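Residue numbers (our numbering), protein chains in the order written: chain A, 1 to 250; chain B, 1 to 471.
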Amino acid sequence: MRVALFVTCLVDLFRPTVGFATVKLLEQAGCTVEVPRAQTCCGQPAYNSGDRADAKAIALQVFDAFAGYDHVVAPSGSCAGMIRQHYPELFAGDPVNLQRAQELAGRTWELTSFLVDVCGTRTVSAQWDREVTYHDACSGLRELGVKLQPRQLLASVAGLRLRELPGAEICCGFGGTFCIKYPDISDKMVTDKETDIVATGAEAVLAGDLGCLLNMAGKLYRQGRCVEVRHVAEVLAGMTEEARPIGAAR
Amino acid sequence: MLATSRTFVANARAGLANDNLQHALGLARTGFPLRRRLAIERLPEFEALRETGRSIKDHTLEHLDFYLELYESRVVASGGKVHWARTPQEACAAVLQVCRSVGAKIVTKGKSMIAEEVGLNEFLERHGITPVETDLGEYIIQLRHEPPSHIIAPAIHLIKEQVAETFRAEHRSLDPDRSLAEPRQMCDEARAMLRPRFLAADVGITGANFHVAETGSSIIVTNEGNGDLTQTLPRVHIVMTSIEKLVPTLEDAATLLRLLARSATGQEFSSYTTISTGPRRPGDLDGPEQYHVVLLDNGRSELIGTEFQDMLRCIRCSACINHCPVYAAVGGHAYGWVYPGPMGAVLTPILIGIEEAGHLPNASTFCGRCESVCPVKIPLPKMMRHWREREYAKKLSPPVYRTGLSLWAWVARRPALYHALAEIASRVLGWAGRDRGRFRSLPLATGWTAVRDMPAPEGRSFHSLWAERRK
């Protein structure tokens, strides 16, 4: 299977390790991975800000960049959700591009759901001796139905024990530009999340979307908590030694 | 009601700093979703029912003109009268005209969001008529001169000590040393105060959860029975409702009722479900002599055929509000008008204008929980996004934000430039944060760093590293 990695802009800028972890997991699942150079962002910031023209222009660029691959995989439910759910909406009145949008949507996946639902991966060969808890990032959960897949894979990580997070399905308050436009409200939401995470007693919190992870890590550190924050791909790929936890000091 | 949606940010801040409100919201935050989930687990066909509910409302909206005329003819045939109101002013005038025709001094009211929408209480008071709210929550906030903060639990922003305080201040005829420590005592007191008002009222005004075209009936649900006393004891019953609450048949209403209570309070059915059809007939033991329906449009009919038509499916259950993390953080008053939460974020700009209510559809993370619990599957985030599109087209969003967005989009359409800039940003920020791993403050990101640290990038962009490793 020829798979294109959609790196996502946050992974590209903040945490390349997640990109390499994704490549490793895909290769372990038997995929040939390529990274189209013509990709940048999925256009979600423009789309959610009401700027359809720019969102469409960026989407057209994504169509070209990812043409011809069997599948497109992103280590993010948010970006994969943009392509799967929102590109077809974006081109609803434009039959030619709608068809391209639907075609791309049909072969675009969030990482853990691709591994489990498409590749049939049930176990990974990784070890991480931690009590962890898991936050279900909203887009992956509600737009793509990503819920059991990461848990199923995490269950095969040697030494890892999962403690479910009460309110795991409640938004962490990131919301893209929301967290900057409405910092007070975002603060309340991420503070509630931080309280819930700490209450589990887990040593680490994992999720499948870097935006949420940066938000939760930022709050945990601001509150002086020692909870390790990592993208689920790093753990599944056994690459926790390759990078410090998100936001951690040297 | 004077809208304060423009000052949403300040309103929200006040809500976040209000300890009583935060305590009250804390209870609601877990209570409503839990009760809904348990009720739905007991009804395996709930998902199928949602689809049916959606199609009933869609069908009605597609043929709304037909069903409205049918409805009016059935109301008239049963001896009632329909007052068509295009605007809030026309709705208020219709109510006043009926009240004056019977010389009404006291009017009892069951809960009606349409009455809130048209500002009926203030209007009646200005014209010398005393409206008395009979829903316990509405009664409490009427005493406190506050607007509702939730569409089915109007006093949810209060804790019981505040209610006791209000009762002591307002019920001055009662023993000042009486105990009001228990909710039961406050319920009994409100009941004792309201009973003579029910009997004294000349006109009773209720809302309607649904009205039924085939029979000309209106349906209300309550948990207190106050709606029944409001509509059966006075000589005149006025139903205040809006055109989109219509359903074709009683069977349709029954389907939607099964969705409504479970979505709203997690009950199988509300304690009281009352169907009213026309005034008292010869031989009836009770009921009003006159039955009026004030049917408000207020811009709703103009939504048909637009991107906001789906909003007309709303059955006002409040599930979206009860599951909204933004509502749970700031409370209903922050939204600054009648309808809060996700449904309010879509509806309020329709009713009072996007210029006034521009913040509401923006103050959402698009987490999608609202849409996932909506019993009639309204795509609420999608419609909030439509408002953002209209704002963007009208250039209502802040210029700095628009310029930043355009610049970013311009760069995002030039991959080579984008990758170069990403590498620079990654290196610079990665270097600056190399020891601490995060920033306590960061220029251009103060909205972020005001409340949380910003984790530092690893120091190289993925695309640069990938290109190097592939050489």
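Each residue gets a CB set at the ideal place from its N, CA and C atoms; glycine is no exception. Bear in mind the structure is a predicted one, so any value in this text is a computation, not a measurement.
At a cut-off of 8 Å, the C-beta of Pro415 of chain B has a neighbouring C-beta in chain A.
For Thr108 of chain B, the three-state secondary structure derived from DSSP is strand. Of all alpha-carbon atoms in B:Ser218, B:Phe210 and B:Pro279, the one lying nearest the alpha-carbon of Leu256 of chain B is that of B:Phe210. Taking 9 Å as the Cβ-Cβ cut-off, the region 167 to 184 of chain A approaches chain B at Gly167, Glu169, Ile170, Cys171, Cys172, Gly173, Phe174, Gly175, Gly176, Thr177, Phe178, Cys179, Ile180, Lys181, Tyr182, Pro183 and Asp184, given in chain order. By the beta-carbon neighbour count (other beta carbons within 10 angstroms, threshold 16), Gln44 of chain A is buried. Annotation for Gly30 of chain A: Met1 and Cys119 place their beta carbon closer than 8 Å to its own, counting only its chain and skipping 5 residues before and after. The region 185 to 202 of chain A makes contact with the region 157 to 174 of chain A: 3 or more CB pairs, one atom from each, lie closer than 8 Å. For Thr446 of chain B, the enclosing alpha helix (DSSP H) stretches over residues Thr446 to Thr449. In this structure, the alpha-carbon of Arg402 of chain B lies about 18 Å from that of Cys42 of chain A.
Between Cys367 of chain B and Pro325 of chain B, the CB-CB gap stays under 8 Å. Out of A:Pro166, A:Gly81 and A:Trp128, the CA that lies nearest to the CA of Ala158 of chain A is found in A:Trp128. Below 8 Å, enough C-beta pairs join the region 61 to 81 of chain B and the region 304 to 321 of chain B to call them touching: three or more.
Cβ proximity to chain B below 9 Å picks out Leu13, Phe14, Arg15, Pro16, Thr17, Val18, Gly19, Phe20 and Val23 from the region 13 to 27 of chain A.
One finds Lys181 in chain A with Cβ atoms closer than 7 Å to the Cβ of Asn362 of chain B, taken in chain order.
Looking at the backbone, the Cα of Thr241 of chain B and that of Ala363 of chain B are separated by about 29 Å. Under DSSP, Lys81 of chain B forms a beta bridge with B:His292.
Annotated as distal: Ala204 of chain A and Ala137 of chain A, with beta-carbon spacing of 8 Å or more. Judged by pairs of C-beta atoms under 8 Å, the region 178 to 188 of chain B does not touch the region 79 to 90 of chain B, as fewer than three such pairs exist. For the C-beta of Met454 of chain B, the chain A residues within less than 9 Å are, from N- to C-terminus, Leu214, Gly218 and Gly247. In the three-state DSSP reduction, Phe210 of chain B falls in the strand class (E or B). Contact annotation: Pro234 of chain B and Val203 of chain B have beta-carbon atoms nearer than 8 Å. Contacts with chain B at 8 Å (Cβ-Cβ) include Arg37 of chain A.
Contact check for Leu214 of chain A against Ile185 of chain A fails: the beta carbons are separated by 8 Å or more.
Taken through DSSP and simplified to helix, strand or coil, His127 of chain B comes out as coil. Assignment of beta-bridge partners to Leu206 of chain A by DSSP yields A:Tyr134 and A:Arg230.
For the 8 Å CB-CB criterion, Ser149 of chain B and His333 of chain B form a contact.
Scanning chain B for C-beta atoms nearer than 7 Å to the C-beta of Ala46 of chain A yields Leu405 and Ala409, reported in chain order. In this structure, Cys212 of chain A lies near His135 of chain A, with their beta-carbon atoms less than 8 Å apart. When secondary structure is reduced to three states using DSSP, Pro455 of chain B falls in the strand class. Taking every protein chain shown into account, the CB of Ser139 of chain A has 16 or more other CB atoms within 10 angstroms, so this residue is buried. Neighbours of Phe46 of chain B across chain A, judged by C-beta separation under 9 Å, do not exist; the nearest C-beta is about 17 Å away.
Taking 8 Å as the cut-off, the Cβ atoms of Lys377 of chain B and Arg50 of chain B count as close.
CA-to-CA, the gap between Tyr67 of chain B and Cys314 of chain B works out to about 17 Å. Interface annotation, Glu143 of chain A: in contact with chain B, CB-CB separation under 8 Å. When the alpha-carbon of Val96 of chain A is set against those of A:Arg222, A:Arg142, A:Leu60 and A:Ala202, the nearest one is in A:Leu60. Secondary structure of Thr222 of chain B (DSSP, three-state): strand.
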